[in-house]
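K.L.:
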Ligand code: ZN
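In the working numbering, the protein residues as written are 2 to 251.
1) Can residue 9 be considered in contact with the ligand ZN, in the sense that its beta carbon sits closer than 7 Å to one or more heavy atoms?
2) Any heavy atom of the ligand ZN closer than 7 Å to the Cβ of residue 94?
3) Starting from residue 165, trace the beta strand (DSSP E) in both directions and tell me its first and last residue.
4) How would you write the range of the beta strand (DSSP E) that residue 101 sits in, first residue to last?
5) What are the uninterrupted segments assigned as beta strand (DSSP E) that are 3 or more residues long and contained completely in the segment 5-92, given in chain order?
6) Determine the contact status of residue 221 and residue 210, defining contact as a CB-CB distance below 8 Å.
7) Measure the alpha-carbon distance for residue 71 versus residue 238 and round it to whole angstroms.
8) Could you spell out the range, first to last residue, of the alpha helix (DSSP H) harbouring residue 254?
9) Cβ-heavy atom distance between residue 156 and the ligand ZN below 7 Å?
10) Could you name the residues of the same chain whose beta carbon sits closer than 7 Å to that of residue 84, not counting the 5 residues immediately before and after it, in chain order?
11) Scan the segment 116-161 and note each continuous beta strand (DSSP E) run of 3 residues or more that stays entirely inside, going in chain order.
12) Please list, in chain order, all residues of the same chain as residue 247 whose beta carbon is under 7 Å from its beta carbon, the five residues on each side excluded.
13) I'd like to confirm the pairing. Which residues does DSSP put opposite residue 177 in its beta bridges?
14) What number of angstroms, rounded off, separates the C-alpha of residue 216 from the C-alpha of residue 5?
15) Any chance you could list the beta strand (DSSP E) runs of at least 3 consecutive residues sitting entirely within the segment 179-206, in chain order?
16) When every heavy atom of the ligand ZN is checked, does at least one fall within less than 7 Å of the C-beta of residue 106?
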């Protein structure tokens, strides 16, 4: 099965459309989203409505939870809080109902016999909503937390792959368009990076194509017209640092 993996769309419709157009060429069997549909960007409703009919599975992100008003926002930085308040005001009933129906963790094996041991979480398997899996030490806790074979996580906005093999956990790089072989017997935590607000110094939208039979994960980076997203954010009165960072990929 070939699975398109997107995460951290953050209400960026231009980036989302570029990614969806690009992955159409692979005709994936399933599309999954690892949360943070909204927050930061100018098109929360349109992004949820665009993705909703396409998704085979999805989980809730910390920005989705905050935009629903279900959790305090004081642990977010000031600009993120401002964007959350704006998103709460903009969110319509349909997208709100969809986001509130998501859970922080999903096990694809439960619904699909073809996918043993494939799980989804926004942050980590230890703390699905808010932990950043940034290095091998943190990844180790997630390998211990659940009996998955492949875990797909987002939240850091940085593409990454962590491998547990012979009880050792290591981080490996992912180069765009170079399929990474997934060795049988090893376990993996794979982060596709962010569609709508990349933070690894590359402003292009990021996603992964996972092939569970060919056993590969391939990263793609897709240019999109971020000036258009920035123009919409400016018109919406969203914070200037959030507008500027789209051009920097930071
Ligand atoms: Zn995010």
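The beta-carbon is built from N, C-alpha and C at its ideal position, and this holds for glycine as well.
P.N.:
According to the structure shown:
1) Checking the 7 Å criterion, the Cβ of residue 9 is within range of a heavy atom belonging to the ligand ZN.
2) No, since every heavy atom of the ligand ZN falls outside the 7 Å radius drawn around the Cβ of residue 94.
3) That run of the beta strand (DSSP E) goes 161-166.
4) Here residue 101 belongs to no beta strand (DSSP E); instead the alpha helix (DSSP H) covers 94-101.
5) Counting whole runs of 3 or more residues, the segment 5-92 contains the beta strand (DSSP E) stretches 31-34 and 56-59.
6) Contact flag set, yes.
7) Between residue 71 and residue 238, the C-alpha separation is close to 24 Å.
8) Residue 254 lies beyond the range of the chain shown here (2 to 251); nothing can be said about it.
9) Answer for residue 156: yes, Cβ within range of the ligand ZN.
10) Taken in chain order, the residues that qualify are 40, 41, 239, 240 and 243.
11) Segments of the beta strand (DSSP E) lying fully in the segment 116-161: 119-122 and 151-154.
12) Excluding sequence positions up to five before and after residue 247, its CB lies within less than 7 Å of the CB of 198, 204, 227, 230 and 231, all in the same chain and listed in chain order.
13) DSSP output for residue 177 lists 220 as bridge partner(s).
14) If you take the alpha carbons of residue 216 and residue 5, they lie about 14 Å apart.
15) Within the segment 179-206, the beta strand (DSSP E) runs of at least 3 residues that lie entirely inside it are, in chain order, 188-192.
16) Shortest gap from the CB of residue 106 to any heavy atom of the ligand ZN: 7 Å or more.
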